[in-house]
Structure formats: C-alpha cells, structure tokens
Amino acid sequence: DALTGNKFTNALGGTNSATLVGDNKLVPGRAGQAVQFTGDEPVNLPLGNFQRHEPFSVSLWLRTPDVKDRAVVFHRSQAWTDAASRGYELLLEDGRLKWSLIHFWPGNAISIRATAPVPTNAWTHVVVTSDGSSRAGGLRLFVNGQPASTEVIKDNLTKNITGGGHDNISLAERMRDRGFKGGAIDDFRVFGRALTPLEAAATHDEAAAKALLAKAETQLSAAERAVLEDYFLASVDAEFPKQLAALKAARAELVKFADGVKEIMVMRELAQPKKSYVLWRGEYNHRREEVGPITPAALSPWPVGAPSNRLGLAQWLTAPDHPLLARVTVNRIWQSLFGRGLVKTSEDFGSQGEKPLYPEVLDWLSLRFIQSGWDVKALMKTIVMSGVYRQRSLADTKTMTDDPDNQWLARGPRLRLPAEMIRDNALAAAGLLKPTLGGPPVNPYEMSESFKPATPTGGDGVYRRSLYTNWKRTGPPPALLAFDAPRRAVCTAKRERTDSPLQALILLNGTQYVEAARVLGESLHRDAKGDVPAMIEAGFLRCLSRKPDAREQAILQQLHREQLAHFQAKPAEAETLLKTGNTKRDDKITAPEAAAATVLAQALLNHDGSVVKR
Numbered sequence: 001d002a003l004t005g006n007k008f009t010n011a012l013g014g015t016n017s018a019t020l021v022g023d024n025k026l027v028p029g030r031a032g033q034a035v036q037f038t039g040d041e042p043v044n045l046p047l048g049n050f051q052r053h054e055p056f057s058v059s060l061w062l063r064t065p066d067v068k069d070r071a072v073v074f075h076r077s078q079a080w081t082d083a084a085s086r087g088y089e090l091l092l093e094d095g096r097l098k099w100s101l102i103h104f105w106p107g108n109a110i111s112i113r114a115t116a117p118v119p120t121n122a123w124t125h126v127v128v129t130s131d132g133s134s135r136a137g138g139l140r141l142f143v144n145g146q147p148a149s150t151e152v153i154k155d156n157l158t159k160n161i162t163g164g165g166h167d168n169i170s171l172a173e174r175m176r177d178r179g180f181k182g183g184a185i186d187d188f189r190v191f192g193r194a195l196t197p198l199e200a201a202a203t204h205d206e207a208a209a210k211a212l213l214a215k216a217e218t219q220l221s222a223a224e225r226a227v228l229e230d231y232f233l234a235s236v237d238a239e240f241p242k243q244l245a246a247l248k249a250a251r252a253e254l255v256k257f258a259d260g261v262k263e264i265m266v267m268r269e270l271a272q273p274k275k276s277y278v279l280w281r282g283e284y285n286h287r288r289e290e291v292g293p294i295t296p297a298a299l300s301p302w303p304v305g306a307p308s309n310r311l312g313l314a315q316w317l318t319a320p321d322h323p324l325l326a327r328v329t330v331n332r333i334w335q336s337l338f339g340r341g342l343v344k345t346s347e348d349f350g351s352q353g354e355k356p357l358y359p360e361v362l363d364w365l366s367l368r369f370i371q372s373g374w375d376v377k378a379l380m381k382t383i384v385m386s387g388v389y390r391q392r393s394l395a396d397t398k399t400m401t402d403d404p405d406n407q408w409l410a411r412g413p414r415l416r417l418p419a420e421m422i423r424d425n426a427l428a429a430a431g432l433l434k435p436t437l438g439g440p441p442v443n444p445y446e447m448s449e450s451f452k453p454a455t456p457t458g459g460d461g462v463y464r465r466s467l468y469t470n471w472k473r474t475g476p477p478p479a480l481l482a483f484d485a486p487r488r489a490v491c492t493a494k495r496e497r498t499d500s501p502l503q504a505l506i507l508l509n510g511t512q513y514v515e516a517a518r519v520l521g522e523s524l525h526r527d528a529k530g531d532v533p534a535m536i537e538a539g540f541l542r543c544l545s546r547k548p549d550a551r552e553q554a555i556l557q558q559l560h561r562e563q564l565a566h567f568q569a570k571p572a573e574a575e576t577l578l579k580t581g582n583t584k585r586d587d588k589i590t591a592p593e594a595a596a597a598t599v600l601a602q603a604l605l606n607h608d609g610s611v612v613k614r
C-alpha cells in the first residue's frame, strides 16, 4: 500500500522493495490497495532465487476479470518455453491455476494444475508451496485456505531451476508470453519454507486458524487432526526440525551431484501415438480418413504380424526379400575398400542413380551377406580375400588410359586412407593407441589457430581412437577435417577425397603426429640399439608392413646421418623437438640421437605407403 515513487515498501521491513513498472495502476484491493496489470508490464521483486531442493512458499490474493486461456500470475524465469523457462511459475490456464518448477519445459519439470477454475471478478486467496523434493507430489496448491484438488501435469525434474537470465520474481508479465491483463494482485508474500496447511489457511483467515488451534481435542475431525499434527511437527516438535535439516542437506548433495552430470537430448516414445490424417489440399483443419504408418506399395510387403512402429520398420528392412538394405550395405562396404562402389552413386542408390557395374556380383554378395546373419566382418573378409582385391594397383599406360576409373576392376584399389585411419595408424605404429572400448568422448591435441580450440583431454584421452574424438557441429576437429572427414551437419554417404598442402603440413607439424614420430623413433632406436639399418627395417615393417628395398634403405640412412649432424650442431633444436606431446621422452637416448630418430620416423609416417592404400 505504501508507494514511494515507483517503489512499494516491504511491509515486513528490510530492503526488498517491489518496483512498479509502466502503466500498471493501483486499485482498491482485498485489504487496502492492489495493483491492476496491463499484461505487458511487471512488478519486480528483488528476491525469490530458490534452488529446487530449497522449500519455499508464495501466497497472494488475485482477481481475474475473465476466464484466461493463458496468463502469467508470477514467475522467476526468462521466457515461456525451452531453456528460457528455467525457474518456477504460477499460471492461469483455461481459468485454472497451474504451479510448476522447471529446468527445461516441457521435458524436465514438475507441474500440477487445479481441477476447478478460479472464479472471475472476485478476490481469491492462493498459496503455492514446494517441499524441495523435486517431485510433483511435493508441490501443493491452496485456494481460499483449503487444499485444492489438483492433477499432475509433469513429474520429471532432475536438474536445477536457477539461472536462465532472470533471477528474481516478476508479477503478471513475461517475455514472449501472455500477461495477467486486467487482473489484480494484493498482499503478495514470499516464504523461505514450505507452509503447513494450517499456516496456509492462516494467511487466508488468521482468525479461523486460531479457532482451530483453540478447539478441544475431542471435537477435532480426522482432517483437522492431520492439519494440527503437521503444524506440531513443523513448529513445536524438537526432533522433527533436526531430521528435516538432515533431509535438506542430503537433497542438496544429491542436487549438486545430479547438476554436475552432463546431458544430451534424446527422443522418447509417446505413450499413445498421435493420430494422422489425409488432409484435404494440405489444410490442417480439413481432415479426411485416418492413416497409419506403412511402406509404399511399390516396395516389398509389410511382414505379417509386424507392429506398425520402428520395430516393424526394422523387421521390414531386414527381411530376406527386401530389395535394398543388403545391396546398399554391400555397396558401401565395397566403396570403403575400393574407393568406388559397384554402384558409383552410393548417395543416390536407385533408379535415379547409376546402374551397377556388375549386378551379379552385387546380388551374390548381398545374398551371402543375408545368409551370414548380416555379418559385416565376414563380408569384408570375402571381399579382401578375392582375386580382384588382391591385384596390384599399378597398371600399364594403356590400361590407365582406357580405364582411368578402374571400372573393369583390372587392378587393385588405390586410395588415400580416411582421416581417422591415418591418425590411428600413426598412434598404433608408435605404440600409443589406446584400444579401450566405450566411454565419453575425448579431445585430442588441437591446433592453437583453430576457430574454437578445445583443451586436450588429460591422461590417455589424447591417444584414444579417432572414433571417440569429441565432435562439435560448429567446430569439427581441423586435423581430421583437412583429410576430408565430413562435418556431420548433414548425412554423408560418400566422402570427397582431395589433396592439399595442408594435409602434408599436419602430418609434418601436427602435435599428434610429431609426438607419434618421436615415440616411434625412440622405440626403433632402443630396440635396434642405435643400429640405423635395423631401425629403418623395423620402421618399414611397423608403418608399411614390408621391408625397404636397397634404394629406400640408402636414402633413409643418408637422412639420418644429416639429421644427426644437424642436431649435434644445434642441441637446443633437438630439445625443442623432443618436448612435443605429453609422453615423457627416453632420457637414456641422447637428445641429438632421439631427434634424428624422430625425423626418420616422420619420414616413414609421411611415406606414401603409410597414408595411401595400394
């Protein structure tokens, strides 16, 4: 009632004064004056930033001029949906009160709604409470001093309700939502605990609450006795507050743990599938006959007894008589091994794409694939042990001129390895690759010039397979992207293969590859006891799976001599090179020897045979 400028004085004292905004005005209230709202401007209170494990209550008198299909009574949030809805809110929906605590609406929240509407053009007293349990059963709604009949709307709150950009209570207005237009609020109170039913009744009619306290025990009904027992435990009993404090502390620890667990969004089945209809001329309000999920009649028939859901779709796809799945899969496996599928347009497999070069081969492999129980390893073994795969990739000039794309399959495949294989091969050759299965994604070494550099994962994380590399759609790993790894913003059926100077620079200077070369060089030096020809032979076997010929041996021996002399003359450069990566270097090997062995290993990891399959 006491308004100074645009500030309402807190009737309980202190500094928590409400702020009147815009054209909201004072009108006669339930007791003294109330605020009538435009629906577009709030009254702001500098309090109310409760966490989900903290019990609290709010009481108020409200008057609505009409049945609101949706109106914000009060809230502590930013906006009406998604992440901006984080906080809590009291709404009117179809004239009924709805009380909610929200992390992310509608997926992560608890919410209850009154079954009866609020009367119009009359003052109604409302109390809402939360006991800190983060369950819908812990929310209560009182109307005119009595517990209201409610229904549960949501019961899945597992994360915090704080944050989101709006930390204090606002009345009757919210961004991108409908305010309490023409409505009025009076005697707004906030409590830092969950009020008992008797206390909630007292905020509505203190005299009636006192009368209940004075009533003889023999005259109490069962409901009245339960109300008084709740009040006794909360206000009189000596042990109950201790147990309640312990419960609150345990909930706080649980919330702290749960809030630290990272989440990703996943899909969940509806309890009942939504109905679908044929729409006349596509107009949503002109429905015709109801339709259900089914496959086109031009394809194979739906399996008998299969459910009309994703399980049925999977059964239909994997049926032995299905014309596509096995052929598409075989074509992609062939493409991964040969660089080109039996059907070249693997991203457009069908009548609009190219015809298969050898349809009999595609059909035979597809049938064998189905009969093996969809065994991918067996399929790959069949292909790589075939004569066509085991051919030399070299060919004479006439064959290369007549068949540059190897459509005749007259020679073996020649293609650069995928980005992930190049990285994993370097780590495996150095003995650094960690074969651990499963677990969270990891950040490998990152280039400092990256658009969004990521901090490398500690421990063995930087040595895990590329399969586990953390991948952001807005910032994919540059070292993999340079070797034509797809961005994953869209589905990619066939990777492009390009050649660029950046690829060579990454292999020569990337932290992951320099460290792999350093560890590989030290291992070769240690195993061969410094014998350079033995080091070169062992390195060839590790990186190229063959021994070097005499010319290759001579070239690499010359490289090692030159690099050893260089690093002996400039030991500081050797020390700098050997500091690359997290792996501790072998101090038993001198710095010039280790650096020369590193450069030798780099030459092997950059050899054509290490990055190109022939």
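In this note's numbering, the protein residues as written are 1 to 614.
For every residue, glycine included, the Cβ atom is placed at its ideal position computed from N, Cα and C.
The structure displayed is predicted, hence computed values, not measured ones.
- Query: So, is Ala-201 buried or exposed, given that buried needs 16 or more other C-beta atoms within 10 angstroms?
  - Reply: buried
- Rounded straight-line distance, which links the Cα of Lys-25 to that of Asp-40: 13 Å
- Quick one: residues in its chain with C-beta nearer than 6 Å to the C-beta of Ala-426, no 5 flanking neighbours on either side, listed in chain order? Tyr-513, Ala-516, Leu-605
- Among the residues of its own chain, which have a CB less than 6 Å from the CB of Val-21, if the five just before and after it don't count? Glu-41, Pro-42
- Spatial distance of Ala-209 from Leu-45 (CA atoms): 28 Å
- Would you mind stating whether Leu-62 and Trp-99 have Cβ atoms separated by less than 8 Å? no
- Item | Sequence-distant residues of the same chain with beta carbon closer than 6 Å to Ile-153, five excluded per side | Ser-111, Arg-113
- Task: Could you tell me which residues DSSP pairs with Lys-613 in its beta bridges?
- Result: Leu-415
- Task: Identify every run of the alpha helix (DSSP H) within the stretch 134-221, keeping only runs that are complete inside it and at least 4 residues long; order them along the chain.
- Result: 197-204, 206-214
- Message: Tell me the rounded alpha-carbon separation between Arg-288 and Lys-274.
- Response: 15 Å
- DSSP bridge partner residues for Ala-34 (one or two, in chain order): Val-27
- Query: Which residue comes first and which comes last in the alpha helix (DSSP H) that contains His-566?
  - Reply: 550-569
- Item | Residue ranges of each alpha helix (DSSP H) within the stretch 324-353, 4 or longer | 325-338
- Query: Sorry if obvious, but does the Cβ on Ala-258 come closer than 7 Å to a heavy atom of the ligand FAD?
  - Reply: Here there are no bound small molecules, and the ligand FAD is not part of this structure.
- Test item: CB-CB of Thr-115 and Glu-151 under 8 Å: yes
- Query: By DSSP, does Ala-650 sit in helix, in strand, or in coil?
  - Reply: Here the chain has residues from 1 to 614 only, and residue 650 is not among them.
- Counting along the chain, where does the beta strand (DSSP E) carrying Ala-238 start and finish? Per DSSP, Ala-238 belongs to no beta strand (DSSP E) and is neither H nor E.
- With burial defined as no fewer than 16 other Cβ atoms inside 10 Å of the residue's Cβ, what is the status of Pro-359: buried or exposed? exposed
- Item | Euclidean distance between Cα positions of Ala-550 and Ala-534 | 13 Å
- Query: For Phe-232, is the classification buried or exposed, using 16 other Cβ atoms within 10 angstroms of its Cβ as the cut-off for buried?
  - Reply: exposed
- Query: By DSSP, does Glu-263 sit in helix, in strand, or in coil?
  - Reply: coil
- Count the CB pairs spanning the stretch 313-327 and the stretch 376-391 that are closer than 8 Å, and state whether there are at least three. no
- Go through its chain and collect everything with a Cβ distance to Glu-93's Cβ below 6 Å, but skip five positions before and after it. Arg-70
- Message: Quick check: what's the CA-CA separation for Gln-553 versus Glu-537?
- Response: 8 Å
- Item | Per-residue DSSP class, three states only, for Glu-41 | coil
- Item | Contact belief for Ala-485 with Ala-428 at Cβ below 8 Å, rounded distance in angstroms | Between Ala-428 and Ala-485 the Cβ distance is about 18 Å, and since that is not below 8 Å, they are no contact.
- Message: Could you compute how far the alpha carbon of Val-73 sits from the alpha carbon of Thr-64?
- Response: 10 Å
- Task: Quick one: give me the first and last residue of the beta strand (DSSP E) that Thr-120 is part of.
- Result: Where Thr-120 is concerned, there is no enclosing beta strand (DSSP E), given that its DSSP letter is neither H nor E.
- Among Gly-29, Leu-12, Asp-66, Lys-159, which one has its Cα closest to the Cα of Ala-83? Lys-159
- Item | CA-to-CA distance, Val-388 to Leu-394, given in whole angstroms | 13 Å
- Task: Reducing DSSP to helix, strand and coil, say where Gly-5 ends up.
- Result: coil
- DSSP on His-525, reduced to helix/strand/coil? helix
- Whole alpha helix (DSSP H) elements within the stretch 379-405, 4-residue minimum: 397-402
- Separation of Ala-246 from Ala-238, as counted between CA atoms: 14 Å
- Message: Quick check on Ala-71: does DSSP put it in helix, strand or coil?
- Response: strand
- Can you tell me which of Thr-129, Lys-344, Glu-269 puts its alpha carbon nearest to the alpha carbon of Pro-147? Thr-129
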